[in-house]
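K.L.:
2 protein chains.
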Amino acid sequence: MSKKNKLRIIPLGGLGEVGKNMMAYEFGNDIIVVDAGIMFPHNDMLGVDYIIPDFEYLLKKADRVRALIITHGHEDHIGAIQHFIEQINVPIYATPLTRGLIEGKLARNDAQHKARFKTIQAGESSNIGVFKVEYFHVSHSIPDAVSLGITTPAGLIVHMSDFKFDHTPVDGWATDFAKLAEFSTRGVDLLLSDSTNAERPGWTPSEKVIGPAFDKVFAEAKGRVIVATFASLISRVQQVADAAVKSGRKMALAGPSMVDNVKIARKLKYLEISDDVIVPLEQALSMQEHKVVLMCTGSQGEPSSIVGRLSAGTNRQFDLKPNDTIVLSSHPIPGNEESVSKTINRLLRRGAKVIDDGVAPIHVSGHASQEEQKLLINIVRPKHFMPIHGELRMLMRHAELAKEVGVEEENIIVVENGQVVELIGNKIQLAERIPGSYIFVDGESIGDIDHDIMKERSQLARNGILLIDISLDKRTGKLLHDPEILTRGFVTSEEAETLLPEVRKRVMKVVNEGKNSEKDIVSTIKSYLHQETKRKPMVFVTLSK
Amino acid sequence: MSKKNKLRIIPLGGLGEVGKNMMAYEFGNDIIVVDAGIMFPHNDMLGVDYIIPDFEYLLKKADRVRALIITHGHEDHIGAIQHFIEQINVPIYATPLTRGLIEGKLARNDAQHKARFKTIQAGESSNIGVFKVEYFHVSHSIPDAVSLGITTPAGLIVHMSDFKFDHTPVDGWATDFAKLAEFSTRGVDLLLSDSTNAERPGWTPSEKVIGPAFDKVFAEAKGRVIVATFASLISRVQQVADAAVKSGRKMALAGPSMVDNVKIARKLKYLEISDDVIVPLEQALSMQEHKVVLMCTGSQGEPSSIVGRLSAGTNRQFDLKPNDTIVLSSHPIPGNEESVSKTINRLLRRGAKVIDDGVAPIHVSGHASQEEQKLLINIVRPKHFMPIHGELRMLMRHAELAKEVGVEEENIIVVENGQVVELIGNKIQLAERIPGSYIFVDGESIGDIDHDIMKERSQLARNGILLIDISLDKRTGKLLHDPEILTRGFVTSEEAETLLPEVRKRVMKVVNEGKNSEKDIVSTIKSYLHQETKRKPMVFVTLSK
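If you read the sequences in order, they're chains A and Y.
Positions in the first sequence are counted from 1; adding 1121 to them yields our numbering.
Positions in the second sequence are counted from 1; adding 1121 to them yields our numbering.
1) Compare the beta carbon distance of A:Ile-1606 and A:Leu-1620 with 7 Å and say whether it is the shorter of the two.
2) Using a beta-carbon distance below 7 Å, is Y:Met-1122 in contact with chain A?
3) Tell whether a beta-carbon distance below 7 Å holds between A:Ser-1314 and A:Leu-1497.
4) Given a cut-off of 7 Å, decide if A:Val-1211 and A:Pro-1503 are closer than it, judged by their beta-carbon atoms.
5) So which residues of chain Y does A:Thr-1317 contact, with C-beta pairs closer than 9 Å?
6) What distance in whole Å lies between the Cβ atoms of Y:Gly-1168 and Y:Arg-1514, which are believed to be in contact at a cut-off of 8 Å?
7) Are the C-beta of Y:Met-1515 and some C-beta of chain A separated by less than 7 Å?
8) Where in the stretch 1209–1263 of chain Y do unbroken runs of the beta strand (DSSP E), each at least 3 residues long, occur, reported from the N-terminal end onward?
9) Who are the Cβ neighbours of A:Pro-1604 in its own chain at under 7 Å, not counting the five residues just before and after it?
10) Could you name the residues of chain Y that A:His-1163 contacts, counting a contact when the two beta carbons are closer than 7 Å?
11) Classify Y:Pro-1377 as helix, strand or coil using the three-state DSSP reduction.
12) Is the closest heavy atom of the ligand GDP to the C-beta of Y:Asp-1151 under 6 Å?
13) Show which residues of chain A have a CB atom less than 7 Å away from the CB atom of Y:Asn-1584.
14) Tell me which same chain residues have a C-beta within less than 8 Å of the C-beta of A:Ile-1263, skipping the five on either side of it?
15) Tell me, which residues are paired with Y:Ala-1145 by DSSP?
16) Name the residue from A:Ile-1570, A:Val-1612, A:Gln-1580 whose alpha carbon lies nearest to the alpha carbon of Y:Lys-1655.
17) What does DSSP give as the partner residue(s) for Y:Phe-1506 in the beta ladder?
18) Alpha carbon to alpha carbon, how far is A:Glu-1553 from A:Asp-1151?
19) Where does the unbroken beta strand (DSSP E) through Y:Tyr-1171 begin, and where does it stop?
20) Of all the residues that make up the stretch 1334–1354 of chain A, which are near chain Y by a beta-carbon distance shorter than 8 Å?
21) Using a Cβ-Cβ distance under 7 Å, would Y:Arg-1578 count as near chain A?
22) Kindly indicate if chain Y contains any beta-carbon less than 7 Å away from that of A:Glu-1320.
23) Which one or two residues does DSSP pair with A:Ser-1665 in a beta bridge?
24) Per DSSP, Y:Gly-1276 forms a beta bridge with which residues?
25) Does any CB atom of chain A fall closer than 7 Å to the CB of Y:Ile-1241?
26) Between Y:Lys-1474 and chain A, is any beta-carbon pair separated by less than 7 Å?
27) Inspect the CB distances between the stretch 1534–1554 of chain A and the stretch 1323–1338 of chain A and report whether three or more fall short of 8 Å.
28) When you compare each of A:Ile-1394, A:Pro-1424, A:Leu-1374 to A:Gln-1404 by their alpha carbons, which one comes out closest?
29) Closer than 9 Å between beta carbons: that is the criterion. Which residues of the stretch 1291–1313 of chain A meet it against chain Y?
30) Does DSSP put A:Met-1659 in a helix, in a strand, or in coil?
31) Please report the straight-line C-alpha distance between Y:Ala-1145 and Y:Thr-1240, rounded to a whole angstrom.
32) For the stretch 1547–1576 of chain Y, which residues have a beta carbon sitting closer than 9 Å to at least one beta carbon of chain A?
33) Which same chain residues end up closer than 6 Å to Y:Gly-1250 when comparing Cβ atoms and leaving out the 5 residues on each side of it in sequence?
34) According to DSSP, which residues form a beta bridge with A:Thr-1446?
35) Cutting at 6 Å between CB atoms, please list the residues of its own chain near Y:Met-1372, excluding the five before and the five after it.
36) Would you say A:Asp-1590 reaches chain B, if we count a Cβ-Cβ gap shorter than 7 Å as a contact?
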């Protein structure tokens, strides 16, 4: 088989949701990249703000990269664009709303001038190098989302990014079944599909079910309604606005990303909210409480968000009032359950009424569940199947579903990020693993935090530190003064009062016995501290001679 | 109303599940304490092993404490007994299995001699001071669990600890409905009830559903089956043994607490497993793979557990084999979702088949859901209701359920730990809040870790540390040598190469300008580091003159 017919499929990034944040398709001298999003840090990634995919592989072949295609405007698909185009400045292909949201985000970071866009529309196609990319509409929790049919010399690929089969979506625009059926007729060589909900039986409910739930909450609320969701969950804003109109409330938006996104989506006509429904936040705060709904961020319990600050009583612009109803219109992202739960407890403790998706259907998933995933495979009838967008456990479940609906087991391939897959001679196979992992972003530093640093942070965090400062007489090697000792995160001040003099005594003893190397002192003190407290702080000695 | 008729109800501990780990009832000069368990640390409680309730309040009145009554043998009800009896050595009232499990736990910590026991049986009662305590059986995920009817001069209290209304429990011993009905006839002044599943609609499935699920897994597994659960989930051990017999497998136990608990429960006849079913672990490891089931701990993804070590490839006694099926027979404790998920991904990556409660019904909750909670209230028909065993969000939901089934709103009281409640003149009211919070156990230190230390640890963890060591000439105030700089958890070694020389330069400049106080140096360097990295490590200066 000629090497010329080899399509390489490269999911980039560290462990996590496969190909969600970035996926590359490479054929000969042409590479197209799909999405450039961020991942949110796990609980044990101390001090990390967010994670971007490692695209080192692409940097080496930067001259072959032809396009960055963005499927929709959510953070996990657009959040790393700025970092990407700073290093590989190719045109960004995006639908109008997606483009608007990206531009807004870049503008907030003063980086809008760096981007070149090609606006695309669902139903259109682009020829990019050897690839022909057909964009088709999918319903998701944000309008104007697309998935891709990619015709390559190695075969026809269908790349399903985040989607659901919602027959009654908020914008009335369902997934393009006809296009999927058309691909099927042409013969699909490889289907890649969203595995987010592969562990969830049945069908994901339509966004439509949220309407009546909101209506009920808005009607019953005695005071203000405060709806928290993601700033990029544009469809939810429409639903809140509709409920506001029905209940005779005005809507105000809080938080710069929420304000920006709604402005863009309204301007581009993806949100239909008439001017008299939206009032400035200041005005809303002085209106009668039962005439108001506030929309803000913080549904994931982030301490720095508006809801996080309301729960802690530290929000500047406004505080909770006794009759407030807080609606958390999202589901906790895996790993955030504890933080969301704490936030809810704090809000209740401060007297608010809280409604989450366990109490009323004020949120539905934006991703296809098992029956939809099976339906997709049955419509597309691909020869090969590769589950993407999910952790390994979900991918494997999705692979099982594919097998159930008739894809041959040997034609299903499950990989994690960094594992290159090749489609060659109408066969799918594993190729090499490329180095690459998480790129942690912390402050302004990109990639300056690695797993070693994380490990050190975890050591610091587990038991704290103890510093010993010693000055020795150059000639005699004797102590010039008593050792100074400082601790953080190790013992309470009470405990320190009895423990630290003992540490000092032992340091002096060791030094006076002539064992005055840093190593000797550290090991003596470490074993003493462990014996006394069963804890192992990091011990540092600074020694001046 | 005479002060003499006042019953005080005191849920002890920090925020968390109310009255779950410890609850005190006080009347005049008599205090009885119900349960003494531990809480597991939240993700942001860095370096904490576990948490015990703060019973400072009881220490002051230690001479009035008459009894420690333990409802069942789970860690969150027995884990703090050792700490408790070290300070308040009262008799421990427990049913035979609960007693056995406590004795085993104390023996493992070499503390068995400290405990005095009174063995009780469901159906019996004890007169303890002014209190008459009636023990009655409840079904839960451990045999020999009881709840309490407490007759006090202020009225009849029903204290429902962990329970479910399982009509077909593993041991065939259902909750004592007749006793509940009898209390109801006598007139219950206050019902306290388990709120764990107050957010869960419907009925909790019977433990019986697990049997067929296990049978299927055991029959289909090509190789070994490894079942992970809590060491104290004694009922699950019976179910695994039954499935082992049916599928012609032998069972081996791994891990000291699992081995101990099963030994005790078998000896006391709470487990019916014949001798030929259980084989030593070493023997099991050399048997044919499809003839074996191993039971161990680690269903919560704890890195130090057997399953945690298997997932990381660091288990000493045995390793994963290609045909292994791992059954995680529990549900993630809130806050553990991420860690469980990571463990599952690691096990899959290492080639094991993994079955959790999302794949097959191999676990059911041990706690009553909404319909059971409502049924309980309707059987007992209490005048007053106080939800316990749950976070605030669950308590409030439980309170709503009570209202729905007819308890008067003003007779329902929702409090968190540390809030004393009084029952007086057949009215329920809030009394004072007692100081008290989490007591963190870290290593051997009990209570030596407080929130300040946790805050310092979190600061250390977020951005790491930077140490600067300076020696100045005593006379001239000039630097004796270049400052030494050390960092941990802050920058990679590459980044350090360019950053640290700059830091050194700036320290020298500041010192040479005569601003050689620690404060001056710290503030200069902190602002430099923030400017360069947007991060804020803790900066320490040790200064020798």
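In this text, a Cβ means the ideal position worked out from N, Cα and C, and glycines have one as well.
Computed from a predicted model, the values in this text were never measured in an experiment.
P.N.:
Per the coordinate set shown:
1) no
2) Its pLDDT being 44, under 50, Y:Met-1122 is placed unreliably in this model, and the coordinates cannot settle the point.
3) yes
4) no
5) By Cβ distance, chain Y contributes nothing, its closest Cβ being about 13 Å from A:Thr-1317, past 9 Å.
6) With 8 Å as the limit, Y:Arg-1514 and Y:Gly-1168 do not qualify as a contact, their Cβ atoms being about 27 Å apart.
7) no
8) 1213–1215, 1238–1240, 1246–1249, 1252–1258
9) Ile-1589, Asp-1590, Ile-1591, Arg-1625, Val-1628, Met-1629, listed in sequence order.
10) Glu-1459
11) helix
12) Absence of the ligand GDP is noted for the structure shown, with no ligands found whatsoever.
13) Gly-1168
14) Cβ within range, chain order: His-1193, Gly-1194, His-1195, Leu-1218, Ser-1353, Leu-1354, Ile-1355, Ser-1356, Gly-1487.
15) DSSP lists Y:Ile-1131, Y:Val-1154 as partners of Y:Ala-1145.
16) Taking Y:Lys-1655 as reference, the option from A:Ile-1570, A:Val-1612, A:Gln-1580 with the minimal CA-CA separation is A:Ile-1570.
17) Residue pairing by DSSP places Y:Phe-1506 opposite Y:Leu-1312, Y:Ile-1533 in a beta bridge.
18) 19 Å
19) Note, Y:Tyr-1171: beta strand (DSSP E), 1171–1174.
20) none
21) yes
22) yes
23) According to DSSP, A:Ser-1665 bridges with A:Ser-1592.
24) For Y:Gly-1276, the beta-bridge partners assigned by DSSP are Y:Thr-1273.
25) no
26) Not one chain A Cβ lies under 7 Å of Y:Lys-1474.
27) no
28) It is A:Leu-1374.
29) Along the stretch 1291–1313 of chain A, none of the residues has a CB nearer than 9 Å to a CB of chain Y.
30) In the displayed model, A:Met-1659 falls within a strand according to three-state DSSP.
31) 20 Å
32) Asp-1563, Gly-1564, Glu-1565, Ser-1566, Gly-1568, Asp-1569, Ile-1570, Asp-1571, Asp-1573, Ile-1574, Met-1575, Lys-1576
33) Asp-1151, Arg-1187
34) In DSSP, A:Thr-1446 forms a bridge with A:Val-1346, A:Lys-1474.
35) Ala-1362, Ala-1365, Val-1398, Ile-1399, Val-1414
36) Annotation note: the requested chain B is absent from the structure, which comprises protein chains A and Y.
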